[in-house]
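Chains as they are written, first to last, in my numbering: chain U, -9 to 316; chain A, -9 to 316. Don't be surprised by glycine CBs; every beta carbon is placed ideally from N, CA and C. All values reported here derive from a predicted model rather than from experimental measurement.
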């Protein structure tokens, strides 16, 4: 079935639904970053969110709308890791069973986070197996509901609460953002942020940022139709390795995005290091690409007011040690 | 000369003085920390402050009150590192010369931070040389003003703005904190926070936290008079290795502190790791001792509302790698 696209009212409803469980993350400013890029930058640090990424927003919004029968049968989710954490945590809070389908090469810290929250973990090979098929098989067997990581109206509306917080906070400061940069995997977060931006700050240009080799949204926007990523695996930005834009997310993103920037793994890792050294925030590579986009000038922040979303902080210690090595 | 003790009016005046240059750091809450300690915890993350620690508050408050003649001759400061960053940055902003006297074993990242801000760096041996004498000699030669790292009313009032922000934010949330835990080196920060607490939240108990071997404040409070630390060097908590409580800071702290907890290096490093894994904040060992105090139960946070101040994030990459090693 084709599902309806979410709208701004859905984002506001999601905000009410998650208010007592999600963290209202702050909007930070750091003079050293402002000096570095020559503009004014506001940082939305979603690593400070419950489960260490924005994903809890959409997960809790989706699961809290389950019927009593659905709650009893539980949820199945496939995810490179952060959606998995969000679903496992939301299921724990709502006391429903959860099975998480994750790639074998997902960071250990993300696998452990799922197990620690009491969810069942099912691993698959990113190159040879289909996570969708595995998930559907589990759902067919158990009656559980599949909640995809981005292409679902409740997920998109839930992630949109991140944008709602950003633009409400900026309005309180009497600040108008010229542009916002946010990492782009399946496009759930930026599609939801776009709904909030269109309603609350329509002059703010929205930039997605993708890792090199996984620029499916960039290619799709250029073609005007959904196209796959050139690669399937192999980037350090594990959170952003989606095969193709979602049907629903692309329907919004093709209208709402101004452009997409592409950054390399080295640029992402340099941004992880900058966040460690200067911002004192723990950010995973995939969560650092928006920061990378302004540090490299691929999104030009000079003499502008820019919002960047640092989407997650679930980084393996070994990767962190590699990023900060002198 | 004996200087007058600062009061709450001085803290409020400092807040106005630093408002356009310092970061108003957020007050964070993390469900996983609340669950872990069984209480409600508010986190004041001063690593997000300009220069990566609260020290900029006092430094800018002090330097911005220099006379034109003093500005021209500049400032001298001795510091294990974070006060040095704060003074160097404040001097850079106010365009005055600065000389920083630092111990040879200070973290490299802190030495580099001073140099990068254009200040002159003078190293000394923590075991054999007197930083006070070296600083006074420089001051005598150049006419510069010595600004000590804690025992100065303008420094104490400036650090107090951290407490002012905490209690104003809590009042806005209609929350009364039962207790506040904060690391304790020379005692400048907690003495200033105490001024704010006494005025805005007099029922909040104040706990200092010192590293094992450097519990000069704990011993001094027990004796009712200033006593030196048992040790002079050798803790991972480089920010807290002061030889003795300050005259002014102790005069306030002996009235304002409820008690002092003492944590080991291992407990501090475990807190650095918890901040990395769960809070997604970069915290240096000395800045993590208040977190360590509630994680260990040395300050009991169960069924209480506790504020902890994470005072800084200037940690060498090698120490961070050590803390987060699996």
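Residue i classed as buried or exposed, judged by whether at least 16 other C-beta atoms fall within 10 angstroms
i: residue 220 of chain A; result: exposed
i: residue 133 of chain U; result: exposed
i: residue 69 of chain U; result: buried
i: residue 125 of chain U; result: buried
i: residue 225 of chain A; result: buried
i: residue 183 of chain A; result: buried
i: residue 141 of chain A; result: buried
i: residue 249 of chain A; result: exposed
i: residue 130 of chain U; result: exposed
i: residue 192 of chain U; result: exposed
i: residue 107 of chain A; result: buried
i: residue 161 of chain A; result: exposed
i: residue 276 of chain A; result: buried
i: residue 43 of chain A; result: buried
i: residue -1 of chain A; result: exposed
i: residue 94 of chain U; result: exposed
i: residue 245 of chain U; result: exposed
i: residue 287 of chain A; result: exposed
i: residue 267 of chain A; result: buried
i: residue 284 of chain A; result: buried
i: residue 212 of chain A; result: exposed
i: residue 223 of chain A; result: exposed
i: residue 210 of chain U; result: buried
i: residue 75 of chain U; result: buried
i: residue 251 of chain U; result: buried
i: residue 215 of chain U; result: exposed
i: residue 9 of chain U; result: exposed
i: residue 25 of chain A; result: exposed
i: residue 105 of chain U; result: exposed
i: residue 71 of chain A; result: buried
i: residue 122 of chain U; result: exposed
i: residue 6 of chain U; result: exposed
i: residue 274 of chain A; result: buried
i: residue 85 of chain U; result: exposed
Interface partners of residue i on chain U, CB under 7 Å
i: residue 315 of chain A; result: 307
i: residue 201 of chain A; result: Going along chain U, no residue has its Cβ under 7 Å from residue 201 of chain A, so there is no contact; the nearest lies around 20 Å.
Contacts that residue i makes with chain A (C-beta to C-beta distance below 8 Å)
i: residue 40 of chain U; result: 20, 21 and 22
i: residue 266 of chain U; result: 272, 307 and 310
Under 9 Å by beta carbon: chain U residues contacting residue i
i: residue 37 of chain A; result: 269, 270 and 271
i: residue 13 of chain A; result: 18, 19, 20 and 21
Which residues DSSP lists as bridging residue i, in chain order
i: residue 252 of chain U; result: U:200
i: residue 92 of chain U; result: U:113
i: residue 34 of chain U; result: U:299
i: residue 171 of chain U; result: U:197 and U:298
i: residue 43 of chain A; result: A:302
i: residue 67 of chain U; result: U:90
i: residue 136 of chain U; result: U:66
i: residue 18 of chain A; result: A:33
Partner residues on chain B for residue i, Cβ-Cβ distance less than 7 Å
i: residue 303 of chain A; result: In the structure shown, chain B does not exist; the protein chains are U and A.
Chain A residues whose Cβ lies nearer than 7 Å to that of residue i
i: residue 310 of chain U; result: 314
Open item on the list: Count Cβ pairs between the segment 132 to 144 of chain A and the segment 104 to 119 of chain A that sit closer than 8 Å; are there 3 or more?
Closed with: In this structure the segment 132 to 144 of chain A does not touch the segment 104 to 119 of chain A; the number of beta carbon pairs closer than 8 Å is below three.
TODO: Specify whether the segment 49 to 69 of chain A and the segment 283 to 296 of chain A touch according to this definition: at least 3 beta carbon pairs, one from each stretch, less than 8 Å apart.
DONE: As far as the Cβ criterion goes, the segment 49 to 69 of chain A does not touch the segment 283 to 296 of chain A, which means the pair count is below three.
- [ ] Assess, as a yes-or-no matter, whether the segment 196 to 215 of chain A is touched by the segment 34 to 51 of chain A under the definition of 3 or more beta carbon pairs within less than 8 Å.
- [x] The segment 34 to 51 of chain A vs the segment 196 to 215 of chain A: no contact.
Task: Those runs of the alpha helix (DSSP H) which lie wholly inside the segment 253 to 289 of chain A and span at least 4 residues - done: Correct list: 255 to 264 and 279 to 285.
Open item on the list: Quick check: the segment 296 to 315 of chain A against the segment 249 to 269 of chain A, are at least 3 beta-carbon pairs closer than 8 Å?
Closed with: They touch, by the three-pair rule.
- [ ] Indicate whether the contact test is met: 3 or more Cβ pairs, each with one atom in the segment 73 to 85 of chain U and one in the segment 230 to 245 of chain U, closer than 8 Å.
- [x] No contact exists between the segment 73 to 85 of chain U and the segment 230 to 245 of chain U.
Task: Three CB pairs or more closer than 8 Å across the segment 142 to 149 of chain A and the segment 162 to 175 of chain A - done: Touching, no, given that fewer than three Cβ pairs across the two stretches are closer than 8 Å.
TODO: Output the residue ranges of the alpha helix (DSSP H) runs that lie fully inside the segment 195 to 244 of chain U and measure 4 residues or longer, sorted by chain position.
DONE: The qualifying runs are 206 to 213.
Task: Touch test, the segment 86 to 103 of chain A against the segment 169 to 188 of chain A, Cβ-Cβ under 8 Å, three pairs minimum - done: Segments in contact, no.
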